[in-house]
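Novice:
In the numbering used here, the protein residues as written are 115 to 217.
#1: Report the CB separation of residue 172 from residue 211 in whole angstroms; it is logged as a contact under 8 Å.
#2: Measure the C-alpha to C-alpha separation of residue 215 and residue 134 and round it to an integer number of angstroms.
#3: Cutting at 7 Å between CB atoms, please list the residues of its own chain near residue 139, excluding the five before and the five after it.
#4: Specify, as a first and last residue, the run of the alpha helix (DSSP H) that residue 156 falls within.
#5: By Cβ distance below 6 Å, which residues in the same chain neighbour residue 136 in space, the five residues on each side in sequence not counted?
#6: Reducing DSSP to helix, strand and coil, say where residue 140 ends up.
#7: Quick check on the DSSP output: the alpha helix (DSSP H) that includes residue 168 runs from which residue to which?
#8: Verify whether the separation of the beta carbon atoms of residue 176 and residue 188 is less than 8 Å.
See below:
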């Protein structure tokens, strides 16, 4: 299974909130989101109005990063959740919570 090996604090800064990817460090003042509360990169400080599609994409990326799932596996879980009865979003989150590496 593939895994993201880059800077995890950069992911928190990109999402604009603490994702608690570094454990105890996220509870201290050393957390990167506390020190630099803007997106990473050369043009990170300039905020523009985000479209509806952009908001949906950010939320999807946030869920993927919190659970440590890559795009293909996330898509497969979404298709499984769609086939189940009930609300697709709730089914997807329950499938993500049932993963063994989430314990």
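Ideal Cβ placement from N, Cα and C applies to all residues, glycine included.
Specialist: Taking the coordinates as given:
#1: Locating residue 172 in the chain shown gives position 58, where the first residue counts as 1. Locating residue 211 in the chain shown gives position 97, where the first residue counts as 1. Not a contact, Cβ separation roughly 21 Å.
#2: Translated into the one-based positions of the chain shown, residue 215 becomes position 101. Translated into the one-based positions of the chain shown, residue 134 becomes position 20. C-alpha separation (whole angstroms): 16 Å.
#3: Taking the chain shown and counting its residues from 1, the one referred to as residue 139 is at position 25. Excluding residues within five positions, the ones whose Cβ falls inside 7 Å are 145.
#4: Position 42 of the chain shown, counted from the start, is the residue given in the question as residue 156. It is not in any alpha helix (DSSP H) - residue 156 carries neither H nor E in the DSSP assignment.
#5: Position 22 of the chain shown, counting from 1, holds the residue named residue 136. Cβ within range, chain order: 122.
#6: Locating residue 140 in the chain shown gives position 26, counting from the first residue. In the structure shown, residue 140 sits in a helix (DSSP, three-state: H, G or I).
#7: Taking the chain shown and counting its residues from 1, one reaches residue 168 at position 54. It spans 166-181 - the alpha helix (DSSP H) in which residue 168 sits, taken as one unbroken run.
#8: As a working mapping, residue 176 is identified with position 62 in the chain shown. As a working mapping, residue 188 is identified with position 74 in the chain shown. Cβ distance not < 8 Å, so residue 176 and residue 188 don't count as in contact.
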